[in-house]
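J.: Residue numbers (this note's numbering): 29 to 268.
1. Determine the direct distance from the alpha carbon of residue 113 to that of residue 163, and round the result to whole angstroms.
2. Answer with buried or exposed for residue 81, where buried requires no fewer than 16 other C-beta atoms within 10 angstroms of its C-beta.
3. Start and end of the beta strand (DSSP E) containing residue 132?
4. Would you mind giving the Cβ-Cβ distance between residue 213 and residue 136, rounded to the nearest angstrom? I have them listed as a contact below 8 angstroms.
5. With a cut-off of 8 angstroms on the beta carbons, I'd call residue 228 and residue 244 a contact; round off their distance for me.
6. Express the C-alpha separation of residue 217 and residue 139 in angstroms, rounding to a whole number.
7. What does the alpha-carbon distance come out to for the pair residue 249 and residue 232?
8. Excluding sequence positions up to five away, which residues of its chain have a Cβ less than 8 angstroms from the Cβ of residue 97?
9. Can you find at least 3 beta carbon pairs, one from the region 182–199 and one from the region 122–133, that sit closer than 8 angstroms?
10. If you count every other CB in all the chains shown that lies within 10 Å of the CB of residue 186, and 16 or more means buried, which is it?
11. Output the distance between the C-alpha atoms of residue 23 and residue 177, rounded to the nearest integer angstrom.
12. Give me, in chain order, the residues of the same chain whose beta-carbon lies closer than 6 angstroms to that of residue 87; leave out the 5 immediate sequence neighbours on both sides.
13. For the putative contact between residue 203 and residue 182, defined by C-beta atoms under 8 angstroms, what is the C-beta separation to the nearest angstrom?
14. Return helix, strand or coil for residue 219, following the three-state DSSP convention.
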């Protein structure tokens, strides 16, 4: 009888929640292993799913690896993505979580004034392998060279291996301020080239799996309703 009761108890246990695995990169202050709660967009993600009773595992990887692993099906989604990446990976996009400025960083000692990108034709510009930059920028005639991440590009800029670095403004300013070798030497160069939304992207729903994008949206609505959404943003806001 005890054996039968034990077997029945196993049958009646609730089904284990489907595992949700997302991938991201070092992209402070939006996402970073070195920041409290993983950065603003990571905390928004984990808390939104927590309101729905769903735990989420978020792995930090080089961005080119993130995109390769999305193709292989290892992850159900990724953060933070630009519109071009959502389109190329055929993902379902969340609502925009942030809007960011994409533009150029230069050495303070050698600003590069320009009105349009064609003015910079022939200049060597550092970009990150795998980033979904707007095609109009890549086709502008600038000479691009790839690196594995943004901090590598900034260090190459400081070492005079690049003329400019193409980078999201908030990320670039955060990385420069946090690095003793870069602080005060590199600056943002106006004007911004693009204003881009940042999304979380989810793979399309498959049979037997939850609709992760819909679950995330429900979680975001709860965070907004409770006021926690703005609390998270204030907690991660850079000091003025």
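Beta carbons are placed, not taken as given, at the ideal position from N, Cα and C, and that holds for glycine.
Just so we're clear, the structure is a prediction, and the values are computed from it rather than from any experiment.
T.: Let me spell this out:
1. Translated into the one-based positions of the chain shown, residue 163 becomes position 135. Translated into the one-based positions of the chain shown, residue 113 becomes position 85. Spanning the alpha carbons of residue 163 and residue 113 requires a straight line of approximately 11 angstroms.
2. The sequence position of residue 81 within the chain shown is 53, counting from 1. Result: exposed.
3. Along the chain shown, read from residue 1 onward, the residue named residue 132 stands at position 104. Here the beta strand (DSSP E) through residue 132 covers 126–135.
4. On the chain shown, residue 213 is found 185 positions in, with the first residue counted as 1. On the chain shown, residue 136 is found 108 positions in, with the first residue counted as 1. Cβ-Cβ separation between residue 213 and residue 136: approximately 6 angstroms, consistent with a contact (criterion under 8 angstroms).
5. On the chain shown, position 200 is the one that residue 228 refers to. On the chain shown, position 216 is the one that residue 244 refers to. With a beta-carbon spacing of about 7 angstroms, residue 228 and residue 244 fall inside the 8 angstroms limit used to define contacts.
6. Stepping through the chain shown from its first residue, residue 139 is reached at position 111. Stepping through the chain shown from its first residue, residue 217 is reached at position 189. Cα to Cα, the separation comes out at about 7 angstroms.
7. Position 221 of the chain shown, counted from the first residue, corresponds to residue 249. Position 204 of the chain shown, counted from the first residue, corresponds to residue 232. Take the alpha-carbon of residue 249 and the one of residue 232: they are about 21 angstroms apart.
8. Here the question's residue 97 lines up with position 69 in the chain shown. Here the set comprises 51, 89 and 103.
9. A contact between stretches requires three or more CB pairs, one per stretch, nearer than 8 angstroms, and the region 182–199 meets this requirement with the region 122–133.
10. Residue 186 sits at position 158 when you count from the first residue of the chain shown. It is buried - the Cβ of residue 186 has at least 16 other Cβ atoms within 10 Å.
11. Absent from the structure is residue 23, since the part of the chain shown begins at 29 and ends at 268.
12. Translated into the one-based positions of the chain shown, residue 87 becomes position 59. The beta carbon of residue 87 lies closer than 6 angstroms to those of 51 in the same chain, with the five residues before and after it left out.
13. Position 175 of the chain shown, counted from the start, is the residue given in the question as residue 203. Position 154 of the chain shown, counted from the start, is the residue given in the question as residue 182. About 6 angstroms separates the Cβ atoms of residue 203 and residue 182, confirming a contact at the 8 angstroms cut-off.
14. For the purposes of this step, residue 219 is taken as residue 191 along the chain shown, with counting starting at 1. Strand, per DSSP.
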